[in-house]
Structure formats: C-alpha cells, structure tokens
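Colleague: According to the numbering used here, the sequence shown is numbered sequentially starting from 337. From the three backbone atoms N, C-alpha and C, an ideal C-beta is built for every residue, glycine too. This structure is a prediction, so every number in the text was calculated from the model and none was measured. Sharing a structure here in structure tokens format.
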Amino acid sequence: MFAAENGLRGDPRLKGISEAIRVVPNFPKPGIMFQDITAVVSNHKVFKDIVDIFVDRYRDTGISVVAGVEARGFIFAPAIALAIGAKFIPLRKPGKLPGEVISELYELEYGNDCLEMHLGLCNVENEHWLSMI
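Written out as structure tokens, the structure is:
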C-alpha cells in the first residue's frame, strides 16, 4: 500500500529492500514480528536506496527538521537530513540526555514508552518535521 500511495509501485529498489529485512517472529515478545534491519545497513546499495527514496520524496518540501527515534532512526535520519538540507535531532529514551528535555509518551504494540529531546534544539511550533521511526 505504501508503494502505491507514494508513486513507488514497480520501483525495483523495493524488492532489494524487502529482501534485506529479516522478520523475526515473537521478538522481543510473543506476537511481535521484529523487523531486523542489520542486513539493510550492511549493504551499501540497499542503504543508499532507502535514503534516496526518502530524499526523492521530501526534497523541496520545506522540511527543516528530521527527527530520528532511537535507535533505527539514528541510522537513516542523519543521512536524509543532510541530503535535504535539514537539521537532525535525535529522539532518545528517557534518562539518556543530560539537562532539560521535552518528553512525549506514546503507545507500542507491547506497552508504553517515552521519547525525549533536548530543550531548545529547535522551535517546535515553527519547524516542519519529518520523523524517522
């Protein structure tokens, strides 16, 4: 569905990306289908294809901040931010950042969690955001 909605239907890059993601059933808890991206980041062509797909979509859209959620977002978001001329802001789990932070609680398939960012990194209300989860 994502491919069709975003003009990627038939894009040959999607096959390589899909094949590089290993699905691990029941990890970290029963009923969860964990998407292991280790092979994605160790294959420079697949990694570049992922970054290029996002850059193609978000270049020239006015996005000024790309936020990356720990830990997968730390892999993709900086490369995308650099390519589109935006700031990269890491979103961390609670207690990982020193000083004042902004916190946001969210729900997962298997519980609740929270993300934090340093206070003052950007003007939250006046920036155009892309979040990488």
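Could you spell out where the alpha helix (DSSP H) holding residue 355 opens and where it closes?
Modeller: 348–356
Colleague: Where does the unbroken alpha helix (DSSP H) through residue 415 begin, and where does it stop?
Modeller: 408–420
Colleague: Count the CB pairs spanning the region 442–459 and the region 426–434 that are closer than 8 angstroms, and state whether there are at least three.
Modeller: yes
Colleague: For residue 350 and residue 357, what's the separation of their Cα atoms in angstroms?
Modeller: Roughly 11 angstroms separates the two Cα atoms.
Colleague: Would you call residue 385 buried or exposed, if buried means 16 or more other Cβ atoms sit within 10 Å of its Cβ?
Modeller: buried
Colleague: Ignoring anything shorter than 4 residues or poking outside the region 356–404, list the alpha helix (DSSP H) runs there in chain order.
Modeller: DSSP runs (the alpha helix (DSSP H)) wholly in the region 356–404: 374–378 and 380–394.
Colleague: Give the range of the beta strand (DSSP E) segment to which residue 442 is assigned.
Modeller: 437–444
Colleague: Just reading off the beta strand (DSSP E) that residue 423 is part of, what are its end residues?
Modeller: 423–427
Colleague: Have a look at residue 416 and residue 367 and give me their C-alpha separation to the nearest angstrom.
Modeller: Computed Cα separation, rounded: 32 angstroms.
Colleague: Should residue 456 be labelled buried (16 or more other beta-carbon atoms within 10 Å of its own) or exposed?
Modeller: exposed
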